[in-house]
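So for the sequence shown, the working numbering puts the first residue at 1; every next one is plus one.
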Amino acid sequence: MNLPLIDRAKQNEDKIAIVASEGAFTYHDLLQISAQIATKLLDNVEDLQEQRVAFLIPSGFHYVATQWGIWRAGGIAVPLCVSHPKPELDYAIADSGASIIIAHPDFETVLRPIAQERNLRFILTSETLPEAASLLPEIDINRRALILYTSGTTGKPKGVVTTHQNIQAQVTSLISAWGWTLSDRILHVLPLHHIHGIINVLTCALWAGAQCHMLAKFDVQKVWDRISDGGLTLFMAVPTIYVKLIAAWENADSDRQKIMSDGCTKMRLMVSGSAALPVQVLEKWKNISGHFLLERYGMTEIGMALSNPLQGERFAGYVGKPLPQVEVRLVDESGNLVAPGIPGEIQIKSPGVFLEYWQKPEATAKAFRDGWFCTGDFAVVENDNYRILGRMSVDIIKTGGYKVSALEIEEVLRTHPEIQDCAVVGVADAEWGERVCAALVLKSGINLSLETFRSWTKERLAVYKVPTQILAVEELPRNAMGKVTKPSVAQLFEKV
Ligand code: AMP
1 MNLPLIDRAK
11 QNEDKIAIVA
21 SEGAFTYHDL
31 LQISAQIATK
41 LLDNVEDLQE
51 QRVAFLIPSG
61 FHYVATQWGI
71 WRAGGIAVPL
81 CVSHPKPELD
91 YAIADSGASI
101 IIAHPDFETV
111 LRPIAQERNL
121 RFILTSETLP
131 EAASLLPEID
141 INRRALILYT
151 SGTTGKPKGV
161 VTTHQNIQAQ
171 VTSLISAWGW
181 TLSDRILHVL
191 PLHHIHGIIN
201 VLTCALWAGA
211 QCHMLAKFDV
221 QKVWDRISDG
231 GLTLFMAVPT
241 IYVKLIAAWE
251 NADSDRQKIM
261 SDGCTKMRLM
271 VSGSAALPVQ
281 VLEKWKNISG
291 HFLLERYGMT
301 EIGMALSNPL
311 QGERFAGYVG
321 KPLPQVEVRL
331 VDESGNLVAP
341 GIPGEIQIKS
351 PGVFLEYWQK
361 PEATAKAFRD
371 GWFCTGDFAV
381 VENDNYRILG
391 RMSVDIIKTG
401 GYKVSALEIE
411 EVLRTHPEIQ
421 DCAVVGVADA
431 EWGERVCAAL
441 VLKSGINLSL
451 ETFRSWTKER
461 LAVYKVPTQI
471 LAVEELPRNA
481 MGKVTKPSVA
491 QLFEKV
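Shown next as structure tokens:
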């Protein structure tokens, strides 16, 4: 049996699949080159039998052909992050027990020594491929397909293992919810070691028989050029990307602004996710693009779970309702369901939920309760829509007996006329348990005293939510996905 993704591609052979810096490639090209890569990987064995293949390739056709080649040879794909330093690459390679590394020549200097030290097979994407493809193995969809490394708040990153069946469930849920069709054209600007770029953009596009236009890396001007050129129907990004696009639009002259905005208007859907979308960003983007961003909530371990509707009303600050095939519940600390309006932990059951943390049976068992995956995220249902309150471990601050949501405080602080951006954290405190602290990116030339800040904030938030300590920073610490890394923010206050 072929993988369904491959069978579907065979129905669209003549259609363009990928447009990237290397050129335009049809589904036929993708099938042919990925079969040749699979043949090279197999090296005369019948099936890689779930050997892990780590690969580091910039976004583009070769990334996709390699990922498919690994799958078609029966391997597990372990995509590495192009911006990670050597120790982090080495960690993912060692932890996954990869037996093969595939690298773009740009990464040869960093990866070849790792392959040599660990005695692994090393392949460059520039090497010639076998001319004819061999007979490829049949792959059962219940086999492992992908390991994505995801950081918890403590400890080293864990490898999240999804099967081909999990991926199929994640993808088909989004295809039906967001109305993907053969005629869609999406601009891909996200990292390809993370679920957002791999599943929501790339694999959904290829499953649908659509076109995926890939930028080798995010570049704000290139993104605007591509949007302005027209012809795109879909765009998906994280909030920090929308912030950068807004800043570039604001700096453009009015003729250019009009062209940029017209390019957006022609698209059918623009999506935001992977971190909370500040309401102000949503409002600004609406004015620029005419799009009320569709915000959704998901996680590497579960795929996407909650989404605002494609058709129907979307609510700012909310992530909507459960997606097709996904069951969602909110529970309190004792595991009891909470009533609407009461905050609880998000738990998920769906065919898209991952199989296991790679070689960590205890961590896997701990992550589930009665078959429900415990996300560690807090949310509340208001008017039938979910509002995310943040990660229990870092965004839910316990201060003086109250539980407060960092995301809720941040949303208010961003409306302060002198605050450009902010991150709120809880810092251990002998008297309060945790005290609420805020790192602030101030508009240029501004000096904000704690006293004026607090009196402004007290008019808008209950006094126990008002940060007791503030720190002006040039920029907030972020990870490769552009998400604020809260533990690093908390450390800033521990040092003070
Ligand atoms: P990752 O596994 O890297 O995609 O990170 C998943 C985490 O991102 C979730 O557990 C949430 O804490 C956060 N997240 C994802 N989408 C949203 C959203 N729309 N609003 C707030 N937090 C989000």
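We put the CB at the ideal spot given by N, CA and C, even for glycine.
Member of the options whose CA lies at the smallest distance from the CA of residue i
i	options	result
residue 384	306, 432, 79 and 410	306
residue 504	91, 301 and 127	Outside the displayed span of the chain (1 to 496) sits residue 504, for which this structure offers no information.
residue 270	281, 294, 263 and 286	294
residue 81	280, 24, 181 and 147	147
residue 238	52, 285 and 29	285
residue 151	491, 91 and 317	91
residue 392	130, 65, 487 and 430	487
residue 481	265, 462, 417 and 192	192
residue 109	100, 124 and 119	124
residue 4	349, 71, 405 and 330	71
residue 357	11, 119 and 161	161
residue 196	296, 287, 260 and 347	296
residue 87	22, 157, 324 and 334	157
residue 199	254, 79 and 439	79
residue 510	443, 452 and 424	Limits of the chain in this structure are 1 at one end and 496 at the other, which puts residue 510 out of reach.
residue 344	386, 299 and 264	386
residue 298	347, 310 and 365	347
residue 144	116, 73, 83 and 186	73
residue 323	317, 314, 304 and 339	304
residue 84	479, 495, 485 and 96	479
residue 378	139, 318, 251 and 206	318
residue 458	416, 51 and 444	416
Exposure label - residue i; buried when at least 16 CB within 10 Å
i	result
residue 369	exposed
residue 241	buried
residue 401	exposed
residue 36	buried
residue 460	exposed
residue 446	exposed
residue 211	buried
residue 247	exposed
residue 405	buried
residue 9	buried
residue 408	buried
residue 7	exposed
Rounded straight-line distance, which links the Cα of residue j to that of residue i
i	j	result
residue 380	residue 67	38 Å
residue 341	residue 399	21 Å
residue 76	residue 188	23 Å
residue 17	residue 483	30 Å
residue 258	residue 114	49 Å
residue 454	residue 244	29 Å
residue 471	residue 179	44 Å
residue 175	residue 31	22 Å
residue 203	residue 336	36 Å
residue 414	residue 436	16 Å
residue 173	residue 351	10 Å
residue 94	residue 291	44 Å
residue 428	residue 183	53 Å
residue 468	residue 41	57 Å
residue 98	residue 450	51 Å
residue 418	residue 169	45 Å
residue 26	residue 14	6 Å
residue 332	residue 137	47 Å
residue 2	residue 430	60 Å
residue 234	residue 222	16 Å
residue 374	residue 273	19 Å
residue 59	residue 142	27 Å
residue 275	residue 354	20 Å
residue 485	residue 382	28 Å
residue 339	residue 395	21 Å
residue 397	residue 164	38 Å
residue 215	residue 38	25 Å
residue 422	residue 120	44 Å
residue 465	residue 261	38 Å
Identified DSSP bridge partners for residue i
i	result
residue 18	25 and 212
residue 469	437
residue 518	Here the chain covers residues 1 to 496 and nothing more, so residue 518 does not appear.
residue 260	In DSSP, residue 260 forms no bridge with anything.
residue 374	347
residue 295	272
residue 328	348
residue 307	296 and 321
residue 365	Residue 365 is not bridged to any residue.
residue 399	402 and 433
residue 79	55
Ligand 2 heavy atom lying under 6 Å from the CB of residue i
i	result
residue 387	This structure lacks ligand 2; its bound ligands are ligand 1.
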